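In this note's numbering, the protein residues as written are 4 to 662.
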């Protein structure tokens, strides 16, 4: 028994007159059995003396008769208790009296069980209807998949939300778009809110109910353990089959992201990518990080950046020296406007400091009693504390349990929940904040840089995961153009949906590179050069680097997941940046680039020639530059030998000096 609650009443429609309901008390339990989870409600006593049941005013919106037709009463009485005290007064006056069973007792079945008793498996549950907040007793109505509605259960002693939380450990509950009071059951994803570490602590007998998890939490863990757990669970749940085929495992993982179908021939609106010769990838070199001297030389007497385009090119090609990051990241993330003066930035920081501490005070001033009544804030705090405790301690900034860095990490994330209460906190956000706080070394600056970063990453953490679905489909499109043979191999091993890249995209490679390397990678990506969605080309670069081993060793579904997971902390960031840049140039140089790829990279279908009428840079490479980027920044024209074009004119939209 994982949940048990007394004082759960059925308001039957067998009262003494039409204006009253009979209150039948019972006990509600949630029971975990070997292969299923059961919800069971039984009256306190199967032989109730209905003459001693106190009748309450009828609230027909919550009365559901035990019939096989989904109908509800429509009349509404005026005697409904309107206050919390009145409700509790009524509950204390209910009395019950045992009486011998009689054949004529309408309240019992022939087998002695009350006709109101019911139980059902969670696999049969379709939806749960809740009452409106503030409308008397909380109640829940369970609707099964055959459209049978069970009697409404009224929680006279509260704790209905605890039941919902209990059920969410086994099924995913989503609000209905038509009625927020109705929770729809998504049976494909089990244990949504269970943290991924629990999966690895659980023995295999937990079966799929303890495995079908939220992609966010699953992909934060170790894929090898996840897939082994899948195979073990299937073996135990199906004694006649020692091992299910990998295709079923792939279908299972694919179901974790509903609506994701990476098959361009079946997806409406997607262009079928045929084999195109992209030519040889050019050689790309990188330069030294931007120095403090180079940064200072590009600033006028009032503190304005003179040439944003030039600075971004330098950062893209070499990153920043660490002493510059505290200042430069504020520009890259959009906290500081590029054309602002030193005085304007000081005023901005003052306003933002006041705004931050006002929001921080909101959650700091919430008492324990208030938080108990605010389930969302309570849940946010619990998730944040759990994630903060898992922060990478290899960096001295976060060493120790009571480290000030960890305390600031917690406070900033809690304040962000006040800033965006609808999104709140989702696992993975702490991964995005920790490097930013480490660089800023300032609570307020770190918060507003994190806000700007989340503006870019917001879709990754939304409930419907539309941003993640789109990126995975776009990645598949790019990879198919780059290497259709490798794509075909992945599909033959039921890995064509690229689910193993989910963690890379969700938190921008945070757990794939060392702490120092991720600082370099992020600042390069924040330049938004050399094209849109450069992070997808980074994914392509990593996958292409591992292609030979995966194919030569004939890795299957399980081995591919295990291999990709074990790349963590073993990837050379400079090599991958060079390779991704080379892939971008390879695609931009292609004269027959498919429209779908052009849109992903932000490249005009008609080639833009950045340098001359011939469309060639100093090395003769023909580039197609994205017009959309010209409107905000001027992308660098980078030759294969690493030189840059110095004649490119900037857009006037930023009123900055041309290069």
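Note that CB positions come from ideal geometry on N, CA and C, so glycine has one too.
Quick caveat, the model's predicted, so the values are computed rather than measured.
In the structure shown, residue 318 falls within a helical segment according to DSSP collapsed to helix, strand and coil. For residue 8 and residue 162, the gap between their C-alpha atoms comes out near 8 Å. Between residue 428 and residue 386, the C-beta spacing is below 8 Å.
Cβ neighbours of residue 279 within its own chain (closer than 6 Å, five residues either side excluded): 595. Scanning the region 287 to 354 from its first residue to its last, the whole alpha helix (DSSP H) runs of 4-plus residues come out as 295 to 300, 311 to 321 and 325 to 335.
In the structure shown, the three-state DSSP call for residue 507 is helix. Going by C-alpha positions, residue 188 is about 29 Å away from residue 457. Rounded to whole angstroms, the separation of the alpha carbons of residue 342 and residue 543 is 35 Å.
Under the 10 Å beta carbon count, residue 4 is surrounded by fewer than 16 other beta carbons and is classified as exposed.
Contact check for residue 34 against residue 13 fails: the beta carbons are separated by 8 Å or more. Burial is judged here by how many other beta carbons sit within 10 angstroms of a residue's own beta carbon; residue 510 has at least 16 and is buried.
Annotation: the continuous alpha helix (DSSP H) that includes residue 525 extends over 518 to 528.
Looking at the backbone, the Cα of residue 569 and that of residue 516 are separated by about 12 Å. Per DSSP, residue 15 lies in no alpha helix (DSSP H); the unbroken beta strand (DSSP E) holding it starts and ends at 6 to 15. Under the DSSP assignment, residue 486 falls outside any alpha helix (DSSP H); it carries neither an H nor an E label.
Comparing alpha-carbon positions, the option among 487, 478, 316 and 305 lying closest to residue 536 turns out to be 478. With 16 or more neighbouring CB atoms inside 10 Å of its own CB, residue 561 falls in the buried class.
The DSSP-derived three-state label of residue 187 is strand.
For residue 600, the enclosing alpha helix (DSSP H) stretches over residues 598 to 604. Taking C-beta separations shorter than 8 Å and ignoring five residues to either side along the sequence, the partners of residue 514 in its chain run 223, 434, 506 and 571, following chain order. When only Cα atoms are considered, residue 582 and residue 474 end up about 20 Å apart. For residue 496, the number of other beta carbons within 10 angstroms of its own is at least 16, and it is reported as buried. In the assembly as shown, residue 38 is an exposed residue. Its beta-carbon has fewer than 16 other beta-carbons within 10 Å. The beta-bridge partner set that DSSP reports for residue 122 consists of 43. Residue 152 is bridged by DSSP to 146. Around the beta carbon of residue 299, fewer than 16 other beta carbons sit within 10 angstroms, so the residue counts as exposed.
Taking 8 Å as the cut-off, the Cβ atoms of residue 449 and residue 415 count as close.
According to DSSP, residue pairing for residue 363 in a beta bridge does not occur.
Distances from the alpha-carbon of residue 492 to those of 554, 482 and 504 put 554 closest. Per DSSP, the beta-bridge partners of residue 35 are 40. Rounded to whole angstroms, residue 284 and residue 533 show a C-alpha spacing of 15 Å. Taking the Cβ atoms as the reference, residue 321 lies roughly 6 Å from residue 293, within the contact range of under 8 Å.
Distance from residue 527 to residue 318 at the Cβ level is roughly 7 Å; contact confirmed, criterion being Cβ atoms closer than 8 Å. Contact between the region 305 to 312 and the region 343 to 363 is established, with three or more Cβ pairs separated by less than 8 Å.
Just so you know, the alpha carbons of residue 483 and residue 602 end up roughly 15 Å apart.
The beta carbon of residue 589 lies closer than 6 Å to those of 281 and 284 in the same chain, with the five residues before and after it left out.
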